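S.K.: Just so you know, the sequences run in chain order A and B. Quick note on our numbering: the first sequence kicks off at 37 and runs consecutively. Quick note on our numbering: the second sequence kicks off at 37 and runs consecutively. Just so it is clear, CB atoms sit at the ideal spot from N, CA and C, and this is done for glycine as well. The structure displayed is predicted, hence computed values, not measured ones.
There are 2 protein chains.
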Amino acid sequence: MTYCVAIAVDKGLVFASDSRTNAGVDHISVYPKMNTFEIPGRAYFVLCSAGNLATTQAVVKAIQRDLDHEVSESLATCRDMSDAARYIGTLSVRHRLYYQKELEQKATFDASFLLGGQVRGESPDLMMIYPEGNYITYSPYSPYMQLGETKYGKPILDRVIKCATSLEDAAKCALVSLDSTMRSNLSVAPPIDLLILEKDAFEPAHRWQLKLNSPYYASLRKRWGEGLLDLFNNLPAFDWEKE
Amino acid sequence: MTYCVAIAVDKGLVFASDSRTNAGVDHISVYPKMNTFEIPGRAYFVLCSAGNLATTQAVVKAIQRDLDHEVSESLATCRDMSDAARYIGTLSVRHRLYYQKELEQKATFDASFLLGGQVRGESPDLMMIYPEGNYITYSPYSPYMQLGETKYGKPILDRVIKCATSLEDAAKCALVSLDSTMRSNLSVAPPIDLLILEKDAFEPAHRWQLKLNSPYYASLRKRWGEGLLDLFNNLPAFDWEKE
Chain A
37 MTYCVAIAVD
47 KGLVFASDSR
57 TNAGVDHISV
67 YPKMNTFEIP
77 GRAYFVLCSA
87 GNLATTQAVV
97 KAIQRDLDHE
107 VSESLATCRD
117 MSDAARYIGT
127 LSVRHRLYYQ
137 KELEQKATFD
147 ASFLLGGQVR
157 GESPDLMMIY
167 PEGNYITYSP
177 YSPYMQLGET
187 KYGKPILDRV
197 IKCATSLEDA
207 AKCALVSLDS
217 TMRSNLSVAP
227 PIDLLILEKD
237 AFEPAHRWQL
247 KLNSPYYASL
257 RKRWGEGLLD
267 LFNNLPAFDW
277 EKE
Chain B
37 MTYCVAIAVD
47 KGLVFASDSR
57 TNAGVDHISV
67 YPKMNTFEIP
77 GRAYFVLCSA
87 GNLATTQAVV
97 KAIQRDLDHE
107 VSESLATCRD
117 MSDAARYIGT
127 LSVRHRLYYQ
137 KELEQKATFD
147 ASFLLGGQVR
157 GESPDLMMIY
167 PEGNYITYSP
177 YSPYMQLGET
187 KYGKPILDRV
197 IKCATSLEDA
207 AKCALVSLDS
217 TMRSNLSVAP
227 PIDLLILEKD
237 AFEPAHRWQL
247 KLNSPYYASL
257 RKRWGEGLLD
267 LFNNLPAFDW
277 EKE
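(1) So, with DSSP's three-state summary, where would you put B/Leu-150?
(2) Under the three-state reduction of DSSP, which class applies to B/Tyr-180: helix, strand or coil?
(3) So that I know if they touch, is there some Cβ in chain A lying closer than 8 Å to that of B/Val-196?
(4) So B/Glu-277 contacts chain A; which residues on that side make the cut at Cβ distance below 8 Å?
(5) Is B/Thr-173 a contact residue of the ligand NAD, with contact defined as CB to any heavy atom under 7 Å?
(6) Would you call the stretch 170-185 of chain B and the stretch 256-272 of chain A in contact, with 3 or more CB pairs under 8 Å?
(7) By the DSSP assignment, the beta strand (DSSP E) with A/Met-164 in it spans what residues?
(8) Is the shortest distance between the beta-carbon of B/Ser-255 and the beta-carbons of chain A less than 8 Å?
(9) With a cut-off of 8 Å, does the C-beta of A/Tyr-123 fall near any C-beta of chain B?
(10) Taking all protein chains shown into account, decide if A/Glu-185 is buried (16 or more other Cβ within 10 angstroms of its Cβ) or exposed.
(11) Under 8 Å by Cβ, that's how I've got A/Leu-230 and A/Leu-256 pegged, so tell me the actual separation to the nearest angstrom.
(12) Using 10 angstroms around the beta-carbon of A/Glu-144, count the other beta-carbons present and answer buried if the total reaches 16, otherwise exposed.
(13) List the whole-angstrom C-beta distance separating B/Ser-216 from A/Pro-272, where the pair is believed to meet the contact cut-off of C-beta under 8 Å.
(14) At a Cβ threshold of 8 Å, is B/Ser-220 touching chain A?
(15) Please name the residues in the stretch 262-277 of chain B whose beta-carbon is closer than 9 Å to at least one beta-carbon of chain A, in chain order.
(16) Kindly list, in the order they appear in chain A, the residues whose Cβ is closer than 8 Å to that of B/Lys-235.
(17) Taking the alpha-carbon of A/Asp-119 as reference, which of A/Gln-136, A/Arg-101, A/Gln-154 and A/Ser-85 has the nearest alpha-carbon?
(18) Give the secondary structure of B/Arg-115 by DSSP, where H, G and I count as helix, E and B as strand, and everything else as coil.
(19) Would you say the stretch 68-84 of chain B touches the stretch 223-238 of chain B, given that touching needs at least three Cβ pairs under 8 Å?
(20) Using only CA atoms, which one of B/Gln-136, B/Gln-93, B/His-105 and B/Ser-53 lies nearest to B/Arg-243?
(21) Can you pull the chain B neighbours of A/Ser-216, defined as C-beta to C-beta under 7 Å?
(22) Can you tell me where the beta strand (DSSP E) holding B/Ala-42 begins and where it ends?
(23) Listing by chain order, which chain A residues have their CB less than 9 Å from the CB of B/Tyr-188?
(24) Per DSSP, what kind of secondary structure is B/Gln-100 in: helix, strand or coil?
(25) What residue ranges within the stretch 211-258 of chain B form continuous beta strand (DSSP E) runs of no fewer than 3 residues, ordered along the chain?
(26) With a 10 Å radius around its C-beta and 16 neighbouring C-beta atoms as the bar for buried, classify B/Ser-148 as buried or exposed.
(27) Is it true that the CB of B/Ile-99 sits closer than 8 Å to the CB of B/Leu-127?
(28) Could you work out which residues of chain B lie near A/Arg-259, taking near to mean beta carbons separated by less than 7 Å?
(29) Around the C-beta of B/Trp-276, are 16 or more other C-beta atoms found within 10 angstroms, so that it is buried, or is it exposed?
(30) What does the alpha-carbon distance come out to for the pair B/Arg-219 and B/Trp-260?
(31) Strictly by DSSP, which residues pair up with A/Thr-173?
The following block contains the structure:
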């Protein structure tokens, strides 16, 4: 399993993803799921992936190869984020169809992606690319997108995230959302990749890989966990408890 | 969809369930999912249901008819909770197989149940009955069970519920768990049925139907929502925020 979340606020974009992949519960590995592509002076892209690991790795390699070989269509030639999403979706579908149709197999090789970033002259944007290659863009009414094991970590996003939320608060909320998910699903696990991309910056303001014992993350987890229990213990008493 | 949660602590059992059923998003109804059966002086059973509404209603009616007609196997003749779970699981499978096999249809008519209660002379018990009729019993290591849309409301249960938790705290935790679920999934909705069954009492200590504007539930939702935002706003600052 996987859990990735990307948040689009007025000041820019925040991305967070776990690092556990598994093929069955007895074959667990660590693979970061966040990749970045910089087109110096022109664009910056962050790609988080979920699904078939062979497909997501192949897509990431194809993107880098197209950039290195300066082919006619690549992230360097995309006019905007929509172009980039269509390009990556096409790579993903072509890879899947090779194994499904050309090699005539019934297995699924589906992959999904969160793509965020900015092309110079355009606004930052955030989209989710489906296994079928098409994509949707985030809505200002719920300015975040999730991949993978999305439910455990959704309530806190729904309560906190708005367009006006600061990049720092969006990053903290992503970390809390990942913490709730990791506690409830063993197939989502650290290290956590966290990246903050300010609007019009074209390079990350901050980028870390956090482990459970990384000082900041450990203190956030402790404060959140203890605070939740305090809050719970101060909920209003039932009528008959007051008697 | 449905969300039911049942909690087994040292002092007794707590049950909570929502009331929304839907066949597609354009056909939504209100059906409470919690039924109780009292065998005066001998036993008390609480049954929460999820899945095919025709099946769950048929099972509840069959349980009541067997009690009314004093047939040879009914909740009144069960020696313990395991007997009761096997009896209800059998009713459920027989109903399903009638429509699937006898009437030769491919549709699924699956239903799942949470069964809790106590037979005099035995300890209280809590089990989940699968559509296949078999069942599992709760574990003291995670003394709660859920049906339906379980994920949104699971993190708070994992943080709070232990065997030593009071019945009142277990009931509050169930309400918070339902609140998180209702905020994230429109197919889970009030009124909420809440029932507290103390050990060795054989009748509920408390039973309500709560709406969003019921005074206690409204104050709990408000305190929890505001408290979460306060807690979030007091999470530790990132290093660069302190500069």
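M.R.: In short:
(1) Position 114 of the second sequence holds residue 150 of chain B. For B/Leu-150, the three-state secondary structure derived from DSSP is strand.
(2) Numbered from 1 along the second sequence, position 144 holds the residue referred to as residue 180 of chain B. Under the three-state reduction of DSSP output, B/Tyr-180 falls in the strand class.
(3) For the purposes of this step, residue 196 of chain B is taken as residue 160 along the second sequence, with counting starting at 1. It does; some Cβ of chain A falls within 8 Å.
(4) Mapped onto the second sequence, residue 277 of chain B falls at position 241. Neighbours of B/Glu-277 on chain A, chain order: Glu-204.
(5) The ligand NAD is not part of this structure, which contains no ligands at all.
(6) Under the 8 Å Cβ criterion, the stretch 170-185 of chain B does not count as touching the stretch 256-272 of chain A, having fewer than three qualifying pairs.
(7) Locating residue 164 of chain A in the first sequence gives position 128, counting from the first residue. Note, A/Met-164: beta strand (DSSP E), 161-165.
(8) Here residue 255 of chain B corresponds to residue number 219 of the second sequence, with the count starting at 1. Interface residue (Cβ-Cβ distance to chain A less than 8 Å): B/Ser-255 is classified as such.
(9) On the first sequence, position 87 is the one that residue 123 of chain A refers to. Closer than 8 Å: no.
(10) Against the first sequence, residue 185 of chain A aligns to sequence position 149. Here A/Glu-185 is buried, its C-beta having at least 16 other C-beta atoms within 10 Å.
(11) Sequence index remark: in the first sequence, residue 230 of chain A carries index 194 (1-based). Sequence index remark: in the first sequence, residue 256 of chain A carries index 220 (1-based). A/Leu-230 to A/Leu-256, Cβ: 11 Å. No contact.
(12) By 1-based counting over the first sequence, the position of residue 144 of chain A is 108. The residue you asked about is not Glu; residue 144 of chain A is Thr in the sequence shown. A/Thr-144 comes out exposed.
(13) Locating residue 216 of chain B in the second sequence gives position 180, counting from the first residue. Locating residue 272 of chain A in the first sequence gives position 236, counting from the first residue. No, B/Ser-216 and A/Pro-272 are not in contact; Cβ-Cβ is about 17 Å, not under 8 Å.
(14) Numbered from 1 along the second sequence, position 184 holds the residue referred to as residue 220 of chain B. At least one CB of chain A lies nearer than 8 Å to the CB of B/Ser-220.
(15) So the close ones are Gly-263, Leu-264, Leu-265, Asp-266, Leu-267, Phe-268, Asn-269, Asn-270, Leu-271, Pro-272, Ala-273, Phe-274, Asp-275, Trp-276 and Glu-277.
(16) By one-based count along the second sequence, residue 235 of chain B stands at place 199. Within 8 Å Cβ-Cβ: nothing; B/Lys-235 doesn't reach chain A, min ~17 Å.
(17) In the first sequence, the residue the question calls residue 119 of chain A occupies position 83. Here the closest residue by C-alpha is A/Gln-154.
(18) If you number the second sequence from 1, residue 115 of chain B lands on position 79. DSSP places B/Arg-115 in coil when its eight states are reduced to three.
(19) Yes: at least three Cβ pairs fall under 8 Å.
(20) What you label residue 243 of chain B is simply residue 207 of the second sequence in a count that begins at 1. The alpha carbon of B/Arg-243 has as its nearest neighbour, out of B/Gln-136, B/Gln-93, B/His-105 and B/Ser-53, the alpha carbon of B/Ser-53.
(21) Taking the first residue of the first sequence as position 1, residue 216 of chain A is located at position 180. Neighbours of A/Ser-216 on chain B, chain order: Pro-191.
(22) Counting from one through the second sequence, the residue named residue 42 of chain B turns up at place 6. Residues 39-45.
(23) As a working mapping, residue 188 of chain B is identified with position 152 in the second sequence. Within chain A, the residues near B/Tyr-188 are Lys-187, Tyr-188, Lys-190 and Pro-191.
(24) If you number the second sequence from 1, residue 100 of chain B lands on position 64. In this structure, B/Gln-100 counts as helix in the three-state DSSP scheme.
(25) Here the runs fully enclosed are 228-234 and 242-246.
(26) Counting from 1 along the second sequence, the entry for residue 148 of chain B is found at position 112. With 16 or more Cβ atoms within 10 Å of its Cβ, B/Ser-148 is classed as buried.
(27) Along the second sequence, read from residue 1 onward, the residue named residue 127 of chain B stands at position 91. Along the second sequence, read from residue 1 onward, the residue named residue 99 of chain B stands at position 63. Yes.
(28) In the first sequence, counting from the first residue as 1, residue 259 of chain A sits at position 223. Result: Leu-271 and Pro-272.
(29) The count along the second sequence starts at 1 and reaches residue 276 of chain B at position 240. Exposed, since its Cβ has fewer than 16 Cβ neighbours within 10 Å.
(30) Mapped onto the second sequence, residue 219 of chain B falls at position 183. Mapped onto the second sequence, residue 260 of chain B falls at position 224. Taking the Cα positions, B/Arg-219 is about 13 Å away from B/Trp-260.
(31) Numbered from 1 along the first sequence, position 137 holds the residue referred to as residue 173 of chain A. Partner(s): A/Met-163.
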